[in-house]
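A.B. asks: The structure is given below, and queries will be raised subsequently.
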Amino acid sequence: MNERILKLMQKGIRILGSRYSIIGGAMTWISESHLVAAMSESGIFGVLASGAMDGDLLKKEITLTKEKTKNNFGVNIILMNPKLTDLVDACGEAKISHIILAGGIPNRDIIDKIHSYGIQVMTFAPSLSIAKRLFKLGIDALILEGSEAGGHVGPVTTMVLIQDILLNMAGYPIFVAGGILRGEVFASMLQLGAIGCQIGTVFACCKESLAHENFKKALLRAGGRNAVTPVQLDKKFPVAPVRALENKGTEEFIARQKEVLQKFEKGEITTENGRLSLEHFWAGALRRAVQEGDVERGSLMSGQIVEIVKEERHIKEIIQSILSEAEMFLFNLDSQLI
Ligand SMILES: Cc1cc2nc3c(=O)[nH]c(=O)nc-3n(C[C@H](O)[C@H](O)[C@H](O)COP(=O)(O)O)c2cc1C
2 MNERILKLMQ
12 KGIRILGSRY
22 SIIGGAMTWI
32 SESHLVAAMS
42 ESGIFGVLAS
52 GAMDGDLLKK
62 EITLTKEKTK
72 NNFGVNIILM
82 NPKLTDLVDA
92 CGEAKISHII
102 LAGGIPNRDI
112 IDKIHSYGIQ
122 VMTFAPSLSI
132 AKRLFKLGID
142 ALILEGSEAG
152 GHVGPVTTMV
162 LIQDILLNMA
172 GYPIFVAGGI
182 LRGEVFASML
192 QLGAIGCQIG
202 TVFACCKESL
212 AHENFKKALL
222 RAGGRNAVTP
232 VQLDKKFPVA
242 PVRALENKGT
252 EEFIARQKEV
262 LQKFEKGEIT
272 TENGRLSLEH
282 FWAGALRRAV
292 QEGDVERGSL
302 MSGQIVEIVK
312 EERHIKEIIQ
322 SILSEAEMFL
332 FNLDSQLI
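First residue of the sequence shown? That's 2 in this note's numbering, and the numbers climb one at a time after it.
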């Protein structure tokens, strides 16, 4: 591999302990032992999605992953999970190297607890002030994830996060995620000071992904404009911004919001019950799409990058493309061809 790209990836490689400074972003129901081990075997840093698991289930999944790879991999934990401390304990006992905390801003207690096991903590930040605060609290690395990413997203795009946070925090260990796939963009992120990138959607439809064939096909056929966050009809009834492909479920969700609003206006339900009705609407929907192949009413979480994900490839092929595009880009830059 070209010296230049290796040098640019060096800091990320050191933090992750992987061959390349690319994180295979955790995807609930998709990032299970088989896919994560295959990622880590391919030289990137796989991350198990603990989703709604409890400690015992996570321990089993970690054991299964360790049976398939000796390489490093991390565990993604959602902060709202009521079993949060059990999940951290499970990672500690299993001597996991990294925990990626998602779905909120972690406090000092949870960061310290994870560190007490000698585990590195990575998490997400939506703004510069939060990013700075998180490093003060002791996190080991940050992931900037823009709103073009798949799944639960923040409101700000990758492009803006780069300028708000990355460029103002030179020297800090920061990965960038959301809408990244081509090697030229990967290399540019490294040149801008990122220590690596996190990539999700393309791996949901790679050959090693055990996601249902219907799910993969839906993503491979979709365009970027089909990967949307849901419309929110009224501020009183907030809707979680989850980027997914539009389907029948999306339409029915709007109808459910209208129904809730009408009932609320007639005094037939309380705000709390209305909110719960909307929260419950998508419960189990990602699992139905990923495991049962329900592409009509399941949740087809996906980033806008589906626009350029057109075929099912092996992880190694995907990584190879990224690296060779990155190398060629840097070579052309050096030769002043760009
Ligand atoms: C189907 C799906 C499920 C996801 N689930 C999670 C999750 O459980 N936890 C998390 O931190 N991120 C989750 N993500 C985000 C990814 O880890 C990753 O950051 C994102 O996909 C990167 O953007 P990209 O899709 O443009 O590559 C999910 C993404 C997708 C597409």
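Where a beta carbon is used, it is the ideal one built from N, C-alpha and C, also for glycine.
(1) Is the separation between the beta-carbon of H35 and that of K208 shorter than 8 Å?
(2) Please tell me whether, using a cut-off of 7 Å, the distance from the CB of V302 to the nearest non-hydrogen atom of ligand 1 is below it.
(3) Measuring straight from C-alpha to C-alpha, what distance separates V296 and I309?
(4) CB of Q199 to nearest heavy atom of ligand 1: below 7 Å?
(5) Using DSSP with H/G/I as helix, E/B as strand and the rest coil, what is H153?
(6) What span of residues does the alpha helix (DSSP H) with Q121 cover, start to end?
(7) On a Cα-Cα basis, can you pick out the residue from E149, I166 and E214 that is closest to L182?
(8) Does the segment 267-279 come close enough to the segment 174-188 to have 3 or more Cβ pairs within less than 8 Å?
(9) Whose C-beta lies closer than 6 Å to the C-beta of G224 among residues of the same chain, with five residues either side of it excluded?
(10) Would DSSP call L277 helix, strand or coil?
(11) Strictly by DSSP, which residues pair up with V291?
(12) Using the beta-carbon count (16 or more within 10 Å), is Q305 buried or exposed?
(13) Is the beta carbon of I115 within less than 7 Å of some heavy atom of ligand 1?
(14) Could you tell me which residues DSSP pairs with L1 in its beta bridges?
(15) Rounded to whole angstroms, what is the Cα-Cα separation between N279 and R257?
(16) If you follow the beta strand (DSSP E) that L102 is in, where does it begin and where does it stop?
(17) Here's a check: name, in chain order, each residue in its chain whose Cβ is nearer than 8 Å to the Cβ of A171, leaving out the five neighbours to either side.
(18) Measuring CA to CA, which of K71, I255 and A219 is closest to L246?
(19) Alpha carbon to alpha carbon, what distance is there between V240 and Q321?
(20) Here's a check: name, in chain order, each residue in its chain whose Cβ is nearer than 8 Å to the Cβ of G275, leaving out the five neighbours to either side.
(21) Looking at Y142: is its Cβ nearer than 8 Å to the Cβ of G26?
(22) Looking at N77 and ligand 1, is the gap between the Cβ and the nearest heavy atom below 7 Å?
(23) Which partner residues of L49 appear in the DSSP bridge assignment?
(24) Exposed or buried, which one is Q164 when buried takes at least 16 other CB atoms within 10 Å?
(25) Using only the alpha-carbon positions, how far apart do E4 and L168 sit?
(26) Between the Cα of F125 and the Cα atoms of G119, L88 and I100, which residue gives the shortest distance?
(27) Can we say the segment 111-118 touches the segment 148-162, given the rule of at least three CB pairs closer than 8 Å?
(28) Cβ of N82 within 8 Å of Cβ of A53?
(29) Please tell me whether A290 and F216 are closer than 8 Å, where the distance is taken between their beta carbons.
(30) For A241, decide whether its Cβ has a neighbour in chain C, counting only Cβ atoms nearer than 8 Å.
(31) Under 7 Å from any heavy atom of ligand 1, does the C-beta of M81 make it?
(32) On the CB-based measure, 16 or more other CB atoms within 10 Å of its CB, does H281 come out buried or exposed?
(33) DSSP on L58, reduced to helix/strand/coil?
(34) Cβ of G184 within 7 Å of any heavy atom in ligand 1?
(35) How would you label A327, buried or exposed, when you count the other beta carbons within 10 angstroms and need 16 or more for buried?
(36) Can the beta-carbon of W30 be found less than 8 Å from the beta-carbon of Q292?
C.D. replies: With the given structure in hand:
(1) Translated into the one-based positions of the sequence shown, residue 35 becomes position 34. Translated into the one-based positions of the sequence shown, residue 208 becomes position 207. No, they are not a contact pair.
(2) Position 301 of the sequence shown, counting from 1, holds the residue named residue 302. Per the sequence presented here, residue 302 reads as Met, with Val not at that position. At least one heavy atom of ligand 1 is nearer than 7 Å to the Cβ of M302, so yes.
(3) Start at 1 with the first residue of the sequence shown, and residue 296 comes out as number 295. Start at 1 with the first residue of the sequence shown, and residue 309 comes out as number 308. If I take the Cα positions, the gap works out to 20 Å.
(4) Here residue 199 corresponds to residue number 198 of the sequence shown, with the count starting at 1. At least one heavy atom of ligand 1 is nearer than 7 Å to the Cβ of Q199, so yes.
(5) Working through the sequence shown from its first residue, we reach residue 153 at position 152. Of the three classes helix, strand and coil, the one that applies to H153 here is strand, per DSSP.
(6) Within the sequence shown, numbered from 1, the residue matching residue 121 stands at position 120. From DSSP, Q121 is part of no alpha helix (DSSP H) but of the beta strand (DSSP E) over Q121 to F125.
(7) As a position in the sequence shown, residue 182 is number 181, starting the count at 1. The residue with the shortest Cα to Cα distance from L182 is E149.
(8) no
(9) Here residue 224 corresponds to residue number 223 of the sequence shown, with the count starting at 1. For G224, where only same-chain residues beyond five positions count, the Cβ hits under 6 Å are E308.
(10) One-based indexing of the sequence shown puts residue 277 at position 276. Correct three-state label for L277: helix.
(11) In the sequence shown, counting from the first residue as 1, residue 291 sits at position 290. Beta-bridge pairing links V291 to no other residue.
(12) Working through the sequence shown from its first residue, we reach residue 305 at position 304. Buried: at least 16 other Cβ atoms inside 10 Å.
(13) By 1-based counting over the sequence shown, the position of residue 115 is 114. The answer is no for I115.
(14) Any property of residue 1 remains undetermined from this structure, which presents the chain solely from 2 to 339.
(15) Mapped onto the sequence shown, residue 279 falls at position 278. Mapped onto the sequence shown, residue 257 falls at position 256. Note on identity: in this sequence residue 279 is Leu, with Asn being the wrong assignment. Looking at the two C-alpha atoms, the distance is approximately 7 Å.
(16) As a first step, residue 102 must be located in the sequence shown, where it is residue number 101. Unbroken beta strand (DSSP E) run through L102: H99 to A103.
(17) If you number the sequence shown from 1, residue 171 lands on position 170. Correct list, in chain order: G194.
(18) Taking the first residue of the sequence shown as 1, we reach residue 246 at position 245. Per the Cα distances, A219.
(19) Stepping through the sequence shown from its first residue, residue 321 is reached at position 320. Stepping through the sequence shown from its first residue, residue 240 is reached at position 239. For Q321 and V240, the distance between alpha carbons rounds to 38 Å.
(20) Walking along the sequence shown from the start, residue 275 turns up at place 274. Excluding residues within five positions, the ones whose Cβ falls inside 8 Å are K237, F238, V261, L262, K264 and F265.
(21) Here residue 142 refers to the residue found at position 141 when the sequence shown is read from its first residue. Here residue 26 refers to the residue found at position 25 when the sequence shown is read from its first residue. The residue you asked about is not Tyr; residue 142 is Ala in the sequence shown. In this structure, G26 does not lie closer than 8 Å to A142 by Cβ.
(22) Taking the sequence shown and counting its residues from 1, one reaches residue 77 at position 76. Checking every heavy atom of ligand 1 against the Cβ of N77, one is found closer than 7 Å.
(23) One-based indexing of the sequence shown puts residue 49 at position 48. Answer by DSSP bridge pairing, in chain order: V76.
(24) Taking the sequence shown and counting its residues from 1, the one referred to as residue 164 is at position 163. Counting Cβ neighbours within 10 Å, Q164 comes out exposed, since fewer than 16 surround it.
(25) Here residue 4 corresponds to residue number 3 of the sequence shown, with the count starting at 1. Here residue 168 corresponds to residue number 167 of the sequence shown, with the count starting at 1. Cα to Cα, E4 sits roughly 24 Å from L168.
(26) Locating residue 125 in the sequence shown gives position 124, counting from the first residue. The shortest C-alpha separation from F125 is found at I100.
(27) no
(28) In the sequence shown, counting from the first residue as 1, residue 82 sits at position 81. In the sequence shown, counting from the first residue as 1, residue 53 sits at position 52. A contact, by the Cβ cut-off of 8 Å.
(29) The residue given as residue 290 occupies position 289 in the sequence shown. The residue given as residue 216 occupies position 215 in the sequence shown. Yes, the pair counts as a contact, with Cβ atoms nearer than the cut-off.
(30) Of the chains in the structure shown, none is chain C; there is only one protein chain.
(31) Taking the sequence shown and counting its residues from 1, one reaches residue 81 at position 80. No - ligand 1 has no heavy atom lying nearer than 7 Å to the Cβ of M81.
(32) Translated into the one-based positions of the sequence shown, residue 281 becomes position 280. When all chains shown are included, H281 counts as exposed.
(33) Taking the sequence shown and counting its residues from 1, the one referred to as residue 58 is at position 57. Here L58 sits in helix by DSSP.
(34) Within the sequence shown, residue 184 is the residue found at index 183, counting from 1. Not under cutoff, so the answer is no.
(35) Translated into positions along the sequence shown, residue 327 becomes position 326. That one is buried.
(36) As a first step, residue 30 is located in the sequence shown; it is residue number 29 there, counting from the start. As a first step, residue 292 is located in the sequence shown; it is residue number 291 there, counting from the start. Result yes, Cβ atoms of W30 and Q292 sit closer than 8 Å.
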